[in-house]
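Here the structure is laid out as structure tokens; the discussion comes afterwards.
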Amino acid sequence: MSSIICGPIARCVLALSLAGCAVLIPAAAASAASEPTRIRLAQADAGMPATFSAEQADHGKELYDHQCTECHGSDLSGGLLGGPPLRGAGFAQKFFDGAPASGLFLFMSTLMPPNAPGRFSASAYADMMAYILKRNGFRAGAELPSDVDALDNLILKK
1 MSSIICGPIA RCVLALSLAG CAVLIPAAAA SAASEPTRIR LAQADAGMPA TFSAEQADHG
61 KELYDHQCTE CHGSDLSGGL LGGPPLRGAG FAQKFFDGAP ASGLFLFMST LMPPNAPGRF
121 SASAYADMMA YILKRNGFRA GAELPSDVDA LDNLILKK
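Residue numbers (my numbering): 1 to 158.
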């Protein structure tokens with residue numbers, strides 16, 4: 001697995017390109033000053049496919065409809081304010097095909113919404129992610145966790 005590892009003093013960022021826009025994601029803070037921060041870039045070594053509960057996706061749809069539709073569209077194909085599509089081949093290429101579920105979750109929870117990144121609870125981001133996964137053809141099952149370490153062990157693969 002490829003990673004970027006940063007020492008306890010260095011600040012790291014991961015640059016992602018989404019619909020032609022470069023975006024910088026701050027690295028998660030290390031749990032202790034002496035531990036390095038790790039950002040996973042490649043596919044998860046192994047893991048169970050990510051699933052979500054139907055209730056979780058329903059709640060995520062409510063949140064999405066109120067918070068995300070203007071930018072990403074009601075059908076997740078891109079909105080009036082220029083937000084990129086959240087479904088389709090381009091989106092899947094960036095976040096799916098065996099990637100750890102933590103990648104999409106961290107992207108959402110550290111950058112969205114652009115005017116107030118991180119403003120929702122971890123469970124609200126997990127619910128919105130569940131809705132996005134549902135709209136991308138993933139199947140329901142066990143609830144999608146809101147813990148990054150747990151999401152690191154799940155892969156986004158249909």
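Virtual Cβ for every residue (Gly too), placed ideally from N, Cα, C. Remember, it's a predicted structure, so these values are computed and weren't measured experimentally.
- For residue 111, the enclosing alpha helix (DSSP H) covers residues 101 to 111.
- The Cβ atoms of residue 100 and residue 154 lie closer than 9 Å to each other.
- Close CB contacts of residue 122 within its chain, under the 6 Å cut and outside five residues either way in sequence, are with 146 (chain order).
- A direct Cα-Cα distance of roughly 5 Å separates residue 142 from residue 52.
- By the CB criterion at 9 Å, residue 71 and residue 117 fall outside the cutoff.
- Our two residues, residue 76 and residue 102, have alpha carbons roughly 20 Å apart in a direct line.
- Where residue 154 is concerned, the enclosing beta strand (DSSP E) starts and stops at 154 to 156.
- For residue 57, no pairing in a beta bridge is given by DSSP.
- Taking C-beta atoms under 8 Å as the contact rule, residue 148 and residue 104 fail to qualify, at a distance of about 11 Å.
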